[in-house]
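Oh and the sequence shown: position 213 is 213 in full-length UniProt numbering, straight run, nothing missing.
Working notes for the structure below.
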Amino acid sequence: MAEVKDDFRSAKPIGCILRHFLPERIVYAIDTIEEDANAIAMALQDDGRRAIGLRRNMGRDILLSEEIIAVLREVLEGTIDFDQTFKDKYREESLFGSEADTLSFRSWYERLRSLPRDERLKVQQVLREREDLFDRIHTAMKVSVAQRPESHAFAPLRPPRLITEATWYLDNFFASSLKYLGPLRDAPKPLYPLAPAADPHDVGLRGEHTASILELHKSKKIRYIPSANFKDPVIDRKTVTRTLEAAVIDWLQYLGVASSVKSRDQGKLGHELKVGLSNSDSTHDLTHVGVGVSQVLPILVMCLLADTDSTLVFEQPELHLHPKVQTLLGDFFLSMALCNKQCIVETHSEYFIDRLRFRIAAATPEKELNSQTKIYFVEKPGQGSAFREVVINEYGAISDWPEGFFDQSQQQAEEILRAAAMKRKASRRNKDA
């Protein structure tokens with residue numbers, strides 16, 4: 001507020017104008033009488049040009065009423081012949097819609113500048129030394145507008161510097177460091193047609209730009225944790241530097257959905273994307289292989305290409321994937337977290353969650369993974385949604401298991417065992433009979 005108070009001493013914030021969800025303007029309620037009095041006192045004692053500019057931004061000029069002129073005449077008595085210097089009064093519309101004898105501050109300022117230098121400096125010095133000038137002008141203005149029913153206005157101003165800097169940072173973050181991939185992928189195609197994209201690193205909301213992004217950046221060097229570091233229960237966190245294409249192939253092989261991937265620019269036709277399978281030496285376009293490849297490939301390209309400190313949002317990445325792939329996908333997202341890339345994953349996959357539990361339990365105390373993972377279970381107790389943290393301890397156990405949190409398979413397994421035991425018991429009883 002200190003920055004605002006420099007220009008509007010009576011300002012009180014009452015709201016803001018948003019651009020998306022970030023403040024673009026802060027709206028203040030101001031007392032126009034107090035602000036005009038402050039502007040006049042500031043202009044008389046300090047810098048007239050600044051006050052003129054300030055009033056111009058508010059859409060009006062400063063007018064000195066008869067009461068204010070009387071105050072100035074009294075203050076400057078014995079310094080200059082006030083009436084002789086500012087004798088040109090004229091009749092014009094005042095700030096409040098009526099006509100009155102007033103003196104435009106611009107006229108005052110121009111007349112003051114036209115005085116000999118010694119007289120001008122003497123006037124400025126006298127005004128600066130009057131500590132009660134604002135109070136006297138404020139009182140005079142209240143008398144001159146006593147019949148005015150409303151003395152408040154609203155001023156939409158730029159936010160203070162710290163809020164502006166925070167807004168700029170968030171705007172830049174959401175524009176460049178936050179990426180989202182939806183649950184449904186673009187349908188597999190033999191050729192992916194050219195499409196405009198604002199961000200040359202964005203695979204698209206449905207992964208529709210994956211082929212072009214991979215072709216554009218396939219030779220780019222990136223640092224990542226190779227899949228070989230996840231072969232043992234305890235993760236080796238060492239990173240390596242390889243091309244994007246090599247990194248994608250590495251994790252495709254680990255997930256077991258493909259053994260190779262090739263992208264090719266086909267000019268006006270678009271981009272071609274072919275994958276090789278472990279049981280075949282030939283390559284195939286994505287229409288001839290399972291949907292798992294087209295589901296996983298945008299995830300790998302988006303994550304591996306993202307900068308450090310990025311935030312990557314995924315909605316149900318496990319759709320159309322085999323349970324084994326869902327399980328190993330947990331390792332891939334964990335590798336991204338260890339590379340300082342924040343992944344927010346909305347999932348319904350218990351295989352994914354169980355993999356994280358396993359990795360947490362297998363980690364050594366000096367390389368614990370609890371700080372790298374947070375799990376929240378969303379419940380709907382009433383009209384809204386409630387987020388409840390699911391805490392996994394160092395042994396991979398969940399002490400406070402929420403009702404409905406991936407417990408269906410365990411309940412089903414218990415029912416199967418119970419039914420089998422009852423059937424076995426009944427069978428023995430029949431044999432005994």
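Glycine included, each C-beta is placed from N, C-alpha and C at the ideal position.
**Q.** C-alpha gap between P381 and I249, whole angstroms
**A.** Taking the sequence shown and counting its residues from 1, the one referred to as residue 381 is at position 381. Taking the sequence shown and counting its residues from 1, the one referred to as residue 249 is at position 249. Spanning the two alpha carbons is a distance of roughly 44 Å.
Q. Along the chain, which unbroken stretches of the beta strand (DSSP E) at least 3 residues long are found entirely within the segment 192 to 279?
A. 221 to 224, 240 to 243, 260 to 265 and 271 to 276
Q.
Is it buried or exposed, T364, if we count other Cβ atoms within 10 angstroms and call 16 or more buried?
A. Here residue 364 is taken as the residue at index 364 of the sequence shown, counted from 1. Flag for T364 reads exposed.
(Q) I need the boundaries of the beta strand (DSSP E) containing T23, first residue and last residue. (A) Here residue 23 corresponds to residue number 23 of the sequence shown, with the count starting at 1. Per the sequence shown, residue 23 should be read as Pro rather than Thr. Looking at the DSSP string, the run of the beta strand (DSSP E) that includes P23 is L22 to D31.
Q) Distance, Cα to Cα, R136 vs A2? A) In the sequence shown, the residue the question calls residue 136 occupies position 136. In the sequence shown, the residue the question calls residue 2 occupies position 2. The straight-line gap from Cα to Cα measures roughly 24 Å.
(Q) I'd like to confirm the pairing. Which residues does DSSP put opposite A363 in its beta bridges? (A) Reading the sequence shown from its first residue, position 363 is the one you call residue 363. Looking at the DSSP assignment, A363 forms no beta bridge with any residue, so it has no partner.
Q: Measuring alpha carbon to alpha carbon, tell me which of V378, A419, M42 and S427 ends up nearest W401.
A: In the sequence shown, counting from the first residue as 1, residue 401 sits at position 401. Closest by alpha carbon: V378.
Q: For L112, collect the residues of the same chain with a Cβ closer than 7 Å to its Cβ; drop the 5 residues on either side in sequence, then sort them by chain order.
A: Position 112 of the sequence shown, counted from the first residue, corresponds to residue 112. Hits under 7 Å: R120 and V123.
Q) Mind checking whether I80 and L103 have CB atoms under 9 Å apart? A) The count along the sequence shown starts at 1 and reaches residue 80 at position 80. The count along the sequence shown starts at 1 and reaches residue 103 at position 103. For I80 and L103, no; Cβs fall outside 9 Å.
**Q.** C-alpha gap between E92 and E165, whole angstroms
**A.** By one-based count along the sequence shown, residue 92 stands at place 92. By one-based count along the sequence shown, residue 165 stands at place 165. With a pLDDT of only 48 at E92, under the threshold of 50, the placement of this residue in the model should not be trusted; the figure read from the coordinates follows. Distance between the alpha carbons of E92 and E165 is about 43 Å.
(Q) Quick check: Q45 and L115, are their CB atoms within less than 9 Å of each other? (A) Looking up residue 45 in the sequence shown gives position 45. Looking up residue 115 in the sequence shown gives position 115. It is not a contact, given that the beta carbons lie outside the stated cut-off.
Q) Do three or more CB pairs link the segment 313 to 321 to the segment 343 to 353 at distances below 8 Å? A) yes
Q | Closest Cα partner of C303 within the set H288, F332 and H284 | A | Sequence index remark: in the sequence shown, residue 303 carries index 303 (1-based). When only C-alpha atoms are compared, the closest one is F332.
**Q.** Cβ neighbours of A247 in the same chain (closer than 7 Å, five flanking residues each side left out)
**A.** One-based indexing of the sequence shown puts residue 247 at position 247. Cβ within range, chain order: I222, Y224 and L304.
Q. Can you give the Cα-Cα distance for H271 and H209, rounded to whole angstroms?
A. Within the sequence shown, the letter at position 271 stands for residue 271. Within the sequence shown, the letter at position 209 stands for residue 209. So the alpha carbons of these two residues sit roughly 9 Å apart.
Q: Tell me where the alpha helix (DSSP H) around K122 begins and ends.
A: What you label residue 122 is simply residue 122 of the sequence shown in a count that begins at 1. Start and end: R117 to E129.
Q.
So if DSSP puts P156 in a beta bridge, which residue, or which two residues, is it bridged to?
A. Taking the sequence shown and counting its residues from 1, one reaches residue 156 at position 156. According to DSSP, P156 bridges with V27.
Q: Note down, in chain order, each residue of its chain lying with its Cβ closer than 6 Å to the Cβ of residue 446, except the 5 sequence neighbours on either side.
A: With the chain running from 1 to 433 in the structure shown, residue 446 is simply not present.
Q. When the Cα atoms are used, what is the spatial distance from E415 to G204?
A. Translated into the one-based positions of the sequence shown, residue 415 becomes position 415. Translated into the one-based positions of the sequence shown, residue 204 becomes position 204. C-alpha separation (whole angstroms): 44 Å.
Q. At a cut of 8 Å, does the segment 230 to 237 reach the segment 178 to 194 through at least three beta carbon pairs?
A. no
**Q.** Span separating the alpha-carbon of K189 from that of L277
**A.** The residue given as residue 189 occupies position 189 in the sequence shown. The residue given as residue 277 occupies position 277 in the sequence shown. Cα-Cα distance, rounded: 17 Å.
Q) Excluding five sequence neighbours on each side, which residues of the same chain lie with their C-beta closer than 6 Å to the C-beta of E315? A) As a working mapping, residue 315 is identified with position 315 in the sequence shown. So the qualifying residues of the chain are G182, P183 and E346.
Q: Go ahead and pull the three-state DSSP assignment for H348.
A: The sequence position of residue 348 within the sequence shown is 348, counting from 1. Reduced to three states, the DSSP call for H348 is coil.
Q) Based on Cα-Cα distance, which residue from Q342, G330, K268 and K423 lies nearest to V313? A) As a first step, residue 313 must be located in the sequence shown, where it is residue number 313. The option with the nearest alpha carbon to V313 is Q342.
**Q.** Which of helix, strand or coil DSSP assigns to E34
**A.** For the purposes of this step, residue 34 is identified with residue 34 of the sequence shown, where counting begins at 1. Correct three-state label for E34: helix.
**Q.** S263 versus V275: straight-line alpha-carbon distance, rounded
**A.** Taking the first residue of the sequence shown as 1, we reach residue 263 at position 263. Taking the first residue of the sequence shown as 1, we reach residue 275 at position 275. Each residue's Cα considered, the two are about 9 Å apart.
Q. Sorted by chain position, which residues of the same chain lie with C-beta nearer than 7 Å to R161's C-beta, five sequence neighbours on each side aside?
A. Numbered from 1 along the sequence shown, position 161 holds the residue referred to as residue 161. Result list for R161: E3, in chain order.
Q. Helix, strand or coil: how does DSSP classify V289 here?
A. As a first step, residue 289 must be located in the sequence shown, where it is residue number 289. The answer is coil: DSSP assigns V289 none of H, G, I, E or B.
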